[in-house]
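>
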Amino acid sequence: MAEIRTQRRLAAILAADVVGFSRLMEHDEAGTLAALKARRRDVLVPLVAQHHGRVVKVMGDGVLVEFGSAVDAVQCAVELQKGFTEANESVAKAYRIVLRIGINLGDVIVEGSELYGDGVNVAARLEGLAEPGSIYVSATVHDHVTGKLTLAFDDLGEHALKNIAKPVQVYRAGTGGTGKRAVQPVPQLPDKPSIAVLPFVNMSGDPEQEYFSDGITEDIITDLSKASGLSVVARNTVFTFKGKAVLIEEVAKKLNVAYVLEGSVRKAGGRVRITAQLINGRGGDHIWAERYDRTLDDIFALQDEISKSIVDVLKVKLLPEELATITNRSTDNLEAYETLLMGRSFLNRGIETKFIKTAQRLFARAVEIDPNYARAYAALADCEWLLLTCNDPDASFEAVLSNSTRALELEPGLADAHASRGGALFVNGRYAEAEVEFERALELDASSSDTYFSYGRNCFIQGQYEKAAALYQRAVSLSPDDYRVWTNLNMVYVSLGRSDDAKEAARQVVLGVEKEVKAHPDNATALCYGASMLAEIGEIERALSWVSRAEMFAGDNIAVQYNIGCFYARQGKAEQAIDCLERQLTASHAYLILRMPWMRQDSDLDSLRSHPRYVALVNRMGAQIAATGARISAGHEQSEATTLNMKPRK
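Here my numbering = 1-based position in the sequence shown + 507.
(1) Closer than 7 Å by C-beta to residue 977: which residues in its own chain qualify, once you throw out the five before and the five after it? Chain order, please.
(2) Which first and last residues belong to the beta strand (DSSP E) in which residue 953 is found?
(3) Please list the terminal residues of the continuous alpha helix (DSSP H) segment that includes residue 1113.
(4) When the Cα atoms are used, what is the spatial distance from residue 787 to residue 585?
(5) How do the segment 928-946 and the segment 710-717 stand: do at least 3 beta-carbon pairs fall below 8 Å, yes or no?
(6) Excluding the 5 residues preceding and the 5 following residue 668 in the sequence, name in chain order all residues of the same chain whose CB lies nearer than 6 Å to its CB.
(7) Drop a sphere of 10 angstroms on the beta-carbon of residue 802, count the other beta-carbons inside from all chains shown, and report buried for 16 or more, exposed for fewer.
(8) Go ahead and label residue 609 buried or exposed: buried means 16 or more other beta carbons lie within 10 angstroms of its beta carbon, across all protein chains shown.
(9) Using a threshold of 9 Å, state whether the C-beta atoms of residue 1020 and residue 998 are closer than that.
(10) Compute the beta-carbon to beta-carbon distance between residue 843 and residue 883, rounded to the nearest angstrom, for a pair I have assumed lies under 8 Å.
(11) May I ask you to list the residues that DSSP assigns as paired with residue 660?
(12) What distance in whole Å lies between the Cβ atoms of residue 772 and residue 849, which are believed to be in contact at a cut-off of 8 Å?
(13) Can you tell me the Cα-Cα spacing of residue 692 and residue 847, whole angstroms?
(14) Could you give the DSSP three-state label for residue 519: helix, strand or coil?
(15) According to DSSP, is residue 605 helix, strand or coil?
(16) Between the C-alpha atoms of residue 989 and residue 983, what's the straight-line distance to the nearest angstrom?
(17) Using a Cβ distance threshold of 8 Å, determine whether the segment 1102-1121 contacts the segment 903-913, with at least three qualifying pairs required.
(18) Taking its Cβ as the centre, do 16 or more other Cβ atoms sit within 10 Å of residue 1047, making it buried, or is it exposed?
(19) Quick one: give me the first and last residue of the alpha helix (DSSP H) that residue 532 is part of.
(20) For residue 859, name the three-state secondary structure that DSSP assigns.
(21) Which residue or residues does DSSP assign as beta-bridge partners of residue 795?
(22) Hey, quick one: how far does the alpha helix (DSSP H) through residue 574 stretch, first residue to last?
(23) Go ahead and label residue 565 buried or exposed: buried means 16 or more other beta carbons lie within 10 angstroms of its beta carbon, across all protein chains shown.
(24) Does DSSP classify residue 753 as helix, strand or coil?
(25) Quick check: residue 799 and residue 785, are their CB atoms within less than 9 Å of each other?
(26) Could you check if residue 1109 is buried or exposed, using at least 16 other CB atoms within 10 Å of its CB as the buried criterion?
(27) Does the structure place the segment 1054-1062 close enough to the segment 1021-1038 that three or more beta carbon pairs sit under 8 Å?
(28) For residue 892, which residues of its own chain have a beta-carbon under 7 Å away from its beta-carbon, when the five flanking residues on both sides are left out?
(29) Do you know offhand how far residue 839's Cα is from residue 913's?
(30) Quick check: what's the CA-CA separation for residue 663 versus residue 817?
(31) Could you name the residues that DSSP lists as bridge partners for residue 775?
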């Protein structure tokens, strides 16, 4: 029999797909398909031909293209992104078709018109890793085009790609990068106007009114974030400047923005005075300033005025639907609004049960005052799923889902509602549905570090480490001091084998925790996170001191015990680690359902996987979940049977 020889060749492979395609189809199937077909006809096909490429395969929302040259592939990708961006300018943000692209140069197997092999697979993995609107390339592509294209690259380090034997060095193309390696994306001054809204100063003479001035600041940030033509710094980042005397030029330089908005709020009786100044971050000159003296009943119109004034001054074009979302306040009830702001002030203090419960009561009160207040329902859903993670016995999956569902029913275009729904689906183990909601939330508000963080957790728990890393990186670029995100980024780097990046993330955790415990010395969760990272960078004595403090402040907290167990597991102290982890068996049914899948992915526990006590613990947790679930199901069935057998009252 004649030997069948496999045909191979070297090729540059471009893989592209549409971000959030499932959500687009859900909104408007016919319109999405028609728009995508038009983009392929008018943008993709001509550009591929122009750069001597061949469309190998079209797969729903994705496409695979072969080029004989890496230079042609990258040039085509850059022009593709430019073409899609230009086509999106006249389209509402919710319906825009955005690409992510991966390119690899490698050996491919040829079977007729089809291509297979690692050369193709790496391109597909890079595309899955890429941020919306970006182009990720392998080192082979980068090396071939360097010096041939006037294009900058950011070195994103090595990534372990699924089903690819060796880690791949990844670069992001066309971002105006420095070419240097970066744990987080290197900030570049955006092409569109960029602004930071500093926390408005409370001039009321009453510290208890701080929640109101903070709330005004947060709402202006939220409003401005809805303008697609404006880049807005996230709330968590700007609030690191709260209460500090700062130079505007230094703030602008540190946050990489062109403009800074500062102001003050004075609330007394039934009146409010707000002053606001828009300042050029490069020269320090005032571009716009205004003082407003109004009754409290005018607060909603006043916020609209400030946001629209800034948009007008910066000559930012608002699409009609963006203007509509800015002027939609969810409520016109002042008491409900103030109650929501007060609740948010407690939620911002940290993930501790006492703060979350207080916030929950205030959000519930806001709903009582205004039963159609979508933002309050979204906030209630957030509280409920946070309480689930804290092992609160009163928290339930049903409440998370019902509150998030109600928020979306009332206001389908509310980013907070979609993010809350994503969190609700995440804690219910419905990860694919959660992804759709997180994508939608980020389309509506791309400045939310919390949404990137939650989305990253959703990916991490499924073992999608590359994507989780990209989302966490985006979150810390928006909130550089958030030790929670840096801790999760450290974990995912460990899972990907990126030890240098893991150590850098550990250092960032320690810096963030130091700031947190300076403000809140009894934050046991922060102390646990910091202890593990201190140990990783070699500061063992200090790490043990932080663990001791965490146990002193919250030794009976199940979640804290889990994190202490992770610390001991990292140190190779298996027995002490498992002693802590066995405390999980006393947790609520809902908490165990959440904890089990996380434990499967948590790299902190890798040293325990084969330990007999750990194996037994995991089996006991699984059995306990199954037994409790069966009892709950039986109880529901009995309740339904009783209801059916009841005779109607006369």
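Using N, Cα and C, we set each Cβ at its ideal position, and we do this for glycine too.
Let me lay it out:
(1) 636, 638
(2) Run containing residue 953: none; DSSP gives neither H nor E here.
(3) The continuous stretches of alpha helix (DSSP H) do not include residue 1113, and DSSP gives it neither H nor E.
(4) Residue 787 and residue 585 have their alpha carbons spaced roughly 32 Å apart.
(5) no
(6) 632, 675
(7) Its Cβ having fewer than 16 others within 10 Å, residue 802 is exposed.
(8) buried
(9) no
(10) 7 Å
(11) Per DSSP, the beta bridge partners of residue 660 are 680.
(12) Not really, about 15 Å apart at Cβ, beyond 8 Å.
(13) Unreliable placement is indicated for residue 692, whose pLDDT of 38 sits below 50; no coordinate value is reported for it.
(14) strand
(15) coil
(16) Straight-line spacing of the CA atoms in residue 989 and residue 983 works out to 7 Å.
(17) no
(18) exposed
(19) 528-534
(20) coil
(21) 785
(22) Membership of residue 574 in any alpha helix (DSSP H) is not indicated; the residue belongs instead to the beta strand (DSSP E) covering 569-574.
(23) exposed
(24) coil
(25) no
(26) Residue environment analysis places residue 1109 among the buried positions, since at least 16 neighbouring C-beta atoms fall within 10 angstroms of its C-beta.
(27) yes
(28) 907, 930, 931, 934
(29) 18 Å
(30) 35 Å
(31) Answer by DSSP bridge pairing, in chain order: 778.
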